[in-house]
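> Protein chains in written order, with my numbering: chain R, 347 to 873; chain Z, 300 to 389. Yeah, the Cβ is synthetic: ideal placement off N, Cα and C, and Gly gets one too. I'd like to ask some things about the structure below.
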């Protein structure tokens, strides 16, 4: 056997000696591809076993969604005509005359929604497990830019059917851009609107949607994959400490991890097919200025939280620039997170403030989105907005504080494998005896954490019901049913707050840390 | 992995290959001009994808020497049966 053949036979997917016939046949097939494509050997380095976990593959699933959109979008491009006169009729033609046309449009839309949701989940998971620490800062920033490009896909694609809903929503978005400070406003306007004519706008949106943004996303993806190859997969921050050798074992990208990704992709594809089958898309009427005047303009759900902020009374008129500035600050802070969260540890237990901030962000986005959905076109009084957003933040902060007390109190000091071995997380105060460390749940902790989650859910329903009731009171006048619903919501909210305070009180009996800080809580405190 | 679970893996994969092959055949016979074609297409493509995912799962787990989980296999089988029934209904 030549040296080259000997080296090939030692590759990870070579058929093992003494294996069963079917095993040998499968391994032979894999080996055939591997030898010719060099997938497991030359191109990508192996990854640890712990990466066989769906949470590690959220970004990859977003790429799968992007690929599905590429295929469905390419088919639709055959029929679609990007002019104001023909955009709607060509979309309608796809719906009515092309085989599976309506299904194709539905899959395209729902996969786009899934891509945005997966990108958001990928970002928040990265935030909570702090993957942005050294040396992965640029990976984080690249990922954030990819997230903005994904939102750009949504924004540009929404206009293309030229329905009254999509055109009105885009007009709102374009109008918001005009409120941005110069020269940013001028540049964005030039990029997406051009001369301001309808034909120019739709052509630019189409060009951005099918050429520019996919190109940019692919380039960024290559860059991110390169950095992933350079730094490897980040270690988990929770679970068994130290990470057992079995979990650290390396497995080849091809076929093991490739098959795992295909497995997830097949399940994701099935979900998309079945959701599209269950909830087929209906095309809204064609845009005309007269019809548009009868509709309350509303962006698609992923921009609804921003739109709801802009609808707060205080941000009306000249305040719009301030509101856009506030939203921009949130985005800039997210991009620059690696330089803001300077702590060295990645452990969730030692990052209470950042984790709580992240939870508040997710909670506020969810509340604003639901609220925006329930109140299309309505201006939100400033006091109401302060009450709702403030209450959401306080409840989440209280629940987070309580959960931290339950999960991470009476902690045995231990060293997380992620801190010990990963360059992204050098040794932290926690690993050298500080009060936070990782430990497993016991039954009592689990029950308390469940109670907190139940209280949070109750509180969320309470807030949602109160908003809905208040809006109904304003819009429809005083009715007995509305008053009942409002009272019930306030009762839910009261139970949630009282329950949270009581649970915190019970938890503090042992440690006394709240009692020491909040003197008023000493009343009625028993050891 | 024990010999018994290995035999079980081969049986599961054999059955899934048949299911996948049969659903592929159905996909080729669908009349695309009918309104029900869309639903049949979605259902049988889903059957194909689920079969593929389950075969991949069994292959991946047997390769690493772990035992095949009952819950994923049962969940997959229930979903396949539900989809097959749905294929007759739509």
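Looking at the unbroken alpha helix (DSSP H) that takes in residue 448/R, where does it start and where does it end?
Its alpha helix (DSSP H) spans residues 447 to 474.
> If you drop the 5 nearest sequence neighbours on each side, which residues of the same chain put their C-beta closer than 8 Å to that of residue 797/R?
845 and 849, listed in sequence order.
> Would you mind telling me which residues of chain Z sit closer than 8 Å to residue 449/R, beta carbon to beta carbon, in chain order?
Neighbours of residue 449/R on chain Z, chain order: 337, 340 and 341.
> Please give me, in chain order, every unbroken run of the alpha helix (DSSP H) with length at least 4 that falls completely inside the segment 464 to 546 of chain R.
Taking only runs of at least 4 residues, the alpha helix (DSSP H) segments lying wholly in the segment 464 to 546 of chain R are 483 to 505, 510 to 524 and 530 to 538.
> Helix or strand or just coil, what does DSSP make of residue 601/R?
Here residue 601/R sits in helix by DSSP.
> If you compare alpha carbons, which of 577/R, 728/R, 637/R and 480/R is closest to residue 691/R?
Of 577/R, 728/R, 637/R and 480/R, the residue nearest in Cα terms is 480/R.
> So residue 605/R contacts chain Z; which residues on that side make the cut at Cβ distance below 8 Å?
Simply 355, 358 and 359.
> Check the DSSP bridge columns for residue 632/R and list the partner residues they point to.
Beta-bridge pairing links residue 632/R to 509/R.
> Mind checking the segment 311 to 336 of chain Z against chain R and listing, in chain order, the residues whose C-beta falls within less than 9 Å of any C-beta there?
Result list: 312, 331, 332 and 336.
> Does any CB atom of chain R fall closer than 9 Å to the CB of residue 301/Z?
Taking Cβ atoms only, chain R never reaches closer than 9 Å to residue 301/Z, which makes this a no.
> By a C-beta neighbour count over all protein chains shown, 10 Å radius and 16 as the cutoff for buried, is residue 553/R buried or exposed?
Exposed: under 16 other Cβ atoms inside 10 Å.
> Could you work out which residues of chain Z lie near residue 732/R, taking near to mean beta carbons separated by less than 7 Å?
Here the premise fails: no neighbours, minimum Cβ distance about 46 Å.
> Assuming contact is defined by CB atoms lying nearer than 9 Å, are residue 349/Z and residue 375/Z in contact in what I supplied?
Taking 9 Å as the Cβ cut-off, residue 349/Z and residue 375/Z qualify as a contacting pair.
> Between residue 344/Z and chain R, is the shortest Cβ-Cβ distance under 9 Å, so that the two count as touching?
Cβ-Cβ to chain R under 9 Å: yes for residue 344/Z.
> Only counting the same chain, and skipping five residues up and downstream in sequence, which positions put a Cβ closer than 8 Å to that of residue 669/R?
Hits under 8 Å: 655, 656, 658 and 661.
> Over what stretch of residues does the alpha helix (DSSP H) that includes residue 721/R continue unbroken?
Counting along the chain, residue 721/R falls outside any alpha helix (DSSP H), and DSSP gives it neither H nor E.
> Beta-carbon separation of residue 502/R and residue 563/R under 9 Å?
The answer is no: Cβ separation not under 9 Å.
> Please identify the residue among 367/R, 391/R and 511/R whose C-alpha is closest to the C-alpha of residue 572/R.
Selected option, being the one with the closest Cα: 391/R.
> Assuming residue 393/R contacts residue 597/R under a Cβ cut-off of 8 Å, what Cβ separation, rounded to an integer in Å, is found between them?
Yes, they are in contact, since the Cβ atoms of residue 393/R and residue 597/R sit about 7 Å apart, within 8 Å.
> Along the chain, where does the alpha helix (DSSP H) containing residue 425/R start, and where does it finish?
Counting along the chain, residue 425/R falls outside any alpha helix (DSSP H), and DSSP gives it neither H nor E.
> Report the residue from 374/R, 376/R and 466/R whose alpha carbon sits nearest the alpha carbon of residue 407/R.
Closest by alpha carbon: 466/R.
> On the criterion of 16 or more Cβ atoms from any shown chain inside 10 Å, does residue 342/Z qualify as buried, or is it exposed?
When all chains shown are included, residue 342/Z counts as buried.
> So, helix, strand or coil for residue 400/R, using DSSP?
Helix.
> Taking the alpha carbon of residue 808/R as the point to measure from, which residue in 663/R, 624/R and 835/R has its own alpha carbon closest?
Of 663/R, 624/R and 835/R, the residue nearest in Cα terms is 835/R.
> Bridge partners for residue 394/R per DSSP, in chain order?
Residue 394/R pairs with 596/R.
> Kindly list, in the order they appear in chain R, the residues whose Cβ is closer than 8 Å to that of residue 367/Z.
By Cβ distance, chain R contributes nothing, its closest Cβ being about 14 Å from residue 367/Z, past 8 Å.
> Helix, strand or coil for residue 742/R, going by three-state DSSP, please let me know.
Of the three classes helix, strand and coil, the one that applies to residue 742/R here is helix, per DSSP.
> Looking at C-alpha atoms only, which residue of 504/R, 569/R, 632/R and 541/R is the closest neighbour of residue 432/R?
Among 504/R, 569/R, 632/R and 541/R, the Cα nearest to that of residue 432/R belongs to 632/R.
> In chain R, which residues lie with their C-beta within 8 Å of the C-beta of residue 349/Z?
The contacting residues are 612, 613 and 616.
> Within the continuous alpha helix (DSSP H) that includes residue 336/Z, where are the two ends?
Looking at the DSSP string, the run of the alpha helix (DSSP H) that includes residue 336/Z is 336 to 363.
> From the beta carbon of residue 579/R, is the nearest beta carbon of chain Z less than 9 Å away?
No, because no Cβ of chain Z sits closer than 9 Å to the Cβ of residue 579/R.
> DSSP state of residue 726/R, grouped into three classes?
Note: residue 726/R maps to strand in three-state DSSP.
> So, for residue 626/R: in the same chain, excluding its five sequence neighbours on each side, which residues have a beta-carbon less than 8 Å away from its beta-carbon?
Excluding sequence neighbours, residue 626/R sits near 448, 449 and 452.
> Would you identify the three-state DSSP class for residue 367/Z, choosing helix, strand or coil?
Residue 367/Z falls in the coil class under three-state DSSP.
> Check whether the Cβ atoms of residue 695/R and residue 753/R lie closer than 9 Å to each other.
Taking 9 Å as the Cβ cut-off, residue 695/R and residue 753/R qualify as a contacting pair.
> Quick one, which of 646/R, 673/R, 581/R and 824/R has its alpha-carbon nearest residue 401/R's?
Closest option to residue 401/R, Cα to Cα, is 581/R.
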